[in-house]
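Residue numbers (the numbering used here): 2 to 176.
Input: a single structure, listed below in structure tokens.
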Amino acid sequence: MAGKTLRQHSLNRLWLMALLAQPGYWLAFRDVGLAWWQLNILFTFAVVMQVARFLQSVTVLNGAAAFVSLVGYLPLSSASYGIPGLLMLAGALLIWQVRDSLRPALFAFWLLLVALLNARHGDVMTLSGVLLTLTVLFCVHGLVPAPGRRLQAGRWFAPAYALHLLCIVFMVSVL
């Protein structure tokens, strides 16, 4: 994201993958009380990125898209972290938009947001969320070449998310 301009075409693909993943999300988690209208995490990513696109290129059309996505998302977001999730993802974006000297402090604040996101589930989940986040970040940092400084996840993350939901549906139905 650092220094990259968001394209609406890429965001449209993310919105489409969020829609396509929704039936699998509902099927995977309906037995634990998830309603069909409670949105999956890809919608959270799409909303944050839509708002970021508006902030990168302030136009009436981008503003309308950002506003509609936020207003439409919030009442349906109870299963995908709601406002705390939006803030955590926005914080992750912000880390790469600031000067290098501010990045460690902002990263520490962002880890606090990750902890707060999981706090309602107890101490073990809070600590697990932070440790898992740090583990993934350090592993990715070791795999991404220094000149690129970017993990090219745009092509595989959303389809992999939808596929893993279908695997959960399969395992739940078989077991």
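Think of the CB as a built atom: it goes at the ideal place given N, C-alpha and C, for glycine as much as any other residue.
Determine the extent of the alpha helix (DSSP H) in which residue i is found, giving its start and end residues.
i           : result
residue 54  : 42-57
residue 104 : 104-119
residue 183 : Past the edges of the chain, shown from 2 to 176, lies residue 183, and the structure says nothing about it.
residue 165 : 158-175
residue 25  : 9-30
residue 132 : 124-144
How should residue i be labelled, buried or exposed, when 16 other C-beta atoms within 10 angstroms of its C-beta is the threshold for buried?
i           : result
residue 206 : Only positions 2 to 176 of the chain appear in the structure, and residue 206 is not among them; the question remains open.
residue 109 : exposed
residue 161 : exposed
residue 136 : exposed
residue 172 : exposed
residue 133 : exposed
residue 119 : buried
What distance in whole Å lies between the Cβ atoms of residue j and residue i, which are believed to be in contact at a cut-off of 8 Å?
i          : j         : result
residue 54 : residue 7 : 4 Å
Self-check item: Residue ranges of each alpha helix (DSSP H) within the segment 60-84, 4 or longer
Solution: Segments of the alpha helix (DSSP H) lying fully in the segment 60-84: 61-74.
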